[in-house]
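The sequence shown runs contiguously to residue 520 in this note's numbering.
Cβ atoms here follow ideal geometry from the backbone N, Cα and C, with glycine treated the same way.
These figures come from a predicted structure and were not determined experimentally.
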Amino acid sequence: KEISTNGDMNTVDVIFPSSPLLLYTNPTLLARLLAPILYYADNRTRIPFSDPYSVHQLGTYPIGNATTLDQESMPLENTSNMFLMLLALAQRNNTEGLQ
């Protein structure tokens, strides 16, 4: 969660800078950090997400209930960060996707 701002959870632009360390030390932890973001983006939660770009965050701690309108508009940065992290996980695990 973001400590110095409003307490957003699973913020993509905060996870991304730590992803090389997580990928090196514990790729499973990185996959588990990304899983809720992917579930939300794929509309597997009770809150629909309709933006064509990547999610920015899940909501404010302790309840992740951010709607599409609550997302900070950072489409290029968030989407490219997600692509890079998912590609790195796939290459690290030598698979075509997350498990």
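For the alpha helix (DSSP H) that contains residue 458, what are its first and last residues? It spans 448-462 - the alpha helix (DSSP H) in which residue 458 sits, taken as one unbroken run.
Of the residues 451, 436, 489, 512, which one's Cα is nearest the Cα of residue 463? That would be 489, whose Cα lies nearest to the Cα of residue 463.
Once the 5 residues before and after residue 457 are set aside, which same chain residues still bring their CB inside 8 Å of it? Leaving aside the five residues that flank residue 457 on each side, the residues in its chain whose CB is nearer than 8 Å to its CB run, in chain order, 431, 479, 485.
Three-state secondary structure (DSSP) at residue 481? Secondary structure of residue 481 (DSSP, three-state): strand.
Residue interval of the alpha helix (DSSP H) (run including residue 497): In the DSSP assignment, residue 497 falls within the alpha helix (DSSP H) that extends over 496-514.
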